[in-house]
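Residues 542 to 923 in the numbering used here are what the sequence shown lists, from first letter to last. Here is the structure we will look at.
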Amino acid sequence: MQEFFEYSLGARVLYKAGLSRELGQVFAGLGARAFVITDKGVGAAGLLDPILAGLGSVELAGVYDDVPANSSVRVVMEAAAAAREVGADILVAVGGGSPIDTAKGARIVLTNGGDLLDYQGYNVVEAPLAPMVAIPTTAGTGSEVTPFAVVRDEEQDLKLSFVSRFLVPDLAVLDPELTSTLPPRLTAATGMDALSHAVETFVSTENNPFSDSMAMYAIDMIATHLRDAVHNGADMDARGQMLLASTMAGIACANSYFGVIHALSHAVGGKYAVHHGTLNAIFMPHGMRFNSAVVPERYVRIARAMGVNAGGRSDREVIDDGINAVSTLAADCGLPAALSEVGVPEEGLEELAAIALVDGAIFNNPRIASEEELLELLRAAY
Ligand SMILES: [Fe+2]
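This is the structure we're talking about:
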């Protein structure tokens, strides 16, 4: 634990099945002209119309639904321009991490003007932004409560990070009904993203007891409920538990950050079109093994939260069982275990190691990783 730490409570969080159909009531005081940022999949799944129908006295200023799976600087600039044109005073993101991060980027540009690239990095945004509501339709990113936005720069094939407490949405609306139509593969990948947030933040150099409590409980909830959410999407208890776990892991990460798993995942995801959560699932066992050499006691606790019985066995055995429990969970949920299965060319690994070495997520990893060690992790995951 750090001698000094800061823990910010951030967004107001509301949870209720069906809440997204009654938004007019919860928007009160935040804004009068809402601009919705979403993707085509949300509309195709029939999730958008009930949300728009429930806006009540809040006026719908417009909808931008062209957000792709990995959003980009161009998309953020387009969405911000569209919101400005219609005089929107509140941004409403509906979707997974990509629409939510797009809206975070758009609120920077909408409020401050200029180019999104001017605000890249840590605490460059120093003042409050246009109000924002985040309505996740996946249980994984946690972006509805975090001060981070990750946006792809298509000019450089890089994932850029934007970090500022002013990026935390004002309101997170957690409605598990919105996640009930998410297909098994995406449920699995986003659920493993949430697990990676909890695991990485629990061992991060910035861990603290507040984040620990959120991360530990999230790991337990995901280990218990992800299989049911994947294999029986209509199981609303599992869906609700996963949505809460992903937000809790997000709150933990918002305060205690990430590590080598996300650094590798960002590097690969910037270069190749592979789902962020799938990449985290692939890298998680390798990152855990690498880090467990320096903070074994933390990995014993992770193993216990994953359901491993620690009684009478060595720490190493318990840790290995914990790592295996993560791999087994990913496999049970139908996710690939290797980079070679998701279309990443082997000759690209050296470049990816160099990119991961300077990714912002790596700076809070408990074990310093050299470029050679990152390459070894990439090869092990191949
Ligand atoms: Fe993530």
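Ideal Cβ positions, reconstructed from N, Cα and C, are used throughout, including at glycine. None of the values given here were measured: they were computed from a predicted structure.
Pick out whichever of F568, N905, V849 has its Cα sitting closest to the Cα of S598.
F568
In chain order, what are the residue ranges of uninterrupted beta strand (DSSP E) at least 3 long that sit wholly in the stretch 587-635?
For the stretch 587-635, whole beta strand (DSSP E) runs of length 3 or above, ordered along the chain, are 600-605.
Do F546 and N749 come within 7 Å of each other at the CB atom, strictly closer than that value?
yes
In chain order, each alpha helix (DSSP H) run of at least 4 residues that lies wholly inside the stretch 733-813
750-772, 777-797, 801-812
Would you call the CB atoms of T687 and L784 closer than 7 Å?
It is not a contact, given that the beta carbons lie outside the stated cut-off.
Below 6 Å, is the gap between the Cβ of D900 and the nearest heavy atom of ligand 1?
no
Cβ pair I631, L571 closer than 7 Å:
yes
If you draw a straight line from the alpha carbon of M733 to that of D761, how long is it in whole angstroms?
13 Å
Within 10 Å of its beta-carbon, does E718 have 16 or more other beta-carbons around it, so buried, or fewer, so exposed?
buried
Can you grab the Cα-Cα spacing for the pair D694 / I592, in whole Å?
Those two C-alpha atoms are separated by around 31 Å.
Would you call the stretch 890-901 in contact with the stretch 856-876, where contact means no fewer than 3 C-beta pairs closer than 8 Å?
no
Please go through the same chain and pick out, in chain order, the residues whose beta-carbon is closer than 6 Å to the beta-carbon of L736, but skip the five residues on each side of it.
Taken in chain order, the residues that qualify are I763.
For D734, is the beta carbon positioned less than 6 Å from some heavy atom of ligand 1?
With a threshold of 6 Å, the Cβ atom of D734 counts as near ligand 1, since some heavy atom of the ligand is closer than that.
Do the stretch 672-691 and the stretch 790-809 touch if we need at least three Cβ pairs shorter than 8 Å?
yes
Would you decide whether P826 is buried or exposed? Buried here means 16 or more other CB atoms lie within 10 Å of its CB.
buried
If the criterion is Cβ atoms closer than 7 Å, does the pair D856 and P837 meet it?
Against a cut-off of 7 Å, the Cβ pair of P837 and D856 comes out as a contact.
Measuring alpha carbon to alpha carbon, tell me which residue in D900, G595, A594 is nearest V809.
Ranking D900, G595, A594 by Cα distance to V809 puts D900 first.
Comparing alpha-carbon positions, which option in A575, G662, L701 lies nearest K812?
L701
Does the distance from the CB of G683 to the CB of S787 come in under 7 Å?
yes
Looking at the unbroken beta strand (DSSP E) that takes in F689, where does it start and where does it end?
Unbroken beta strand (DSSP E) run through F689: 689-694.
Cβ pair count under 8 Å reaching 3, the stretch 901-914 against the stretch 800-809:
yes
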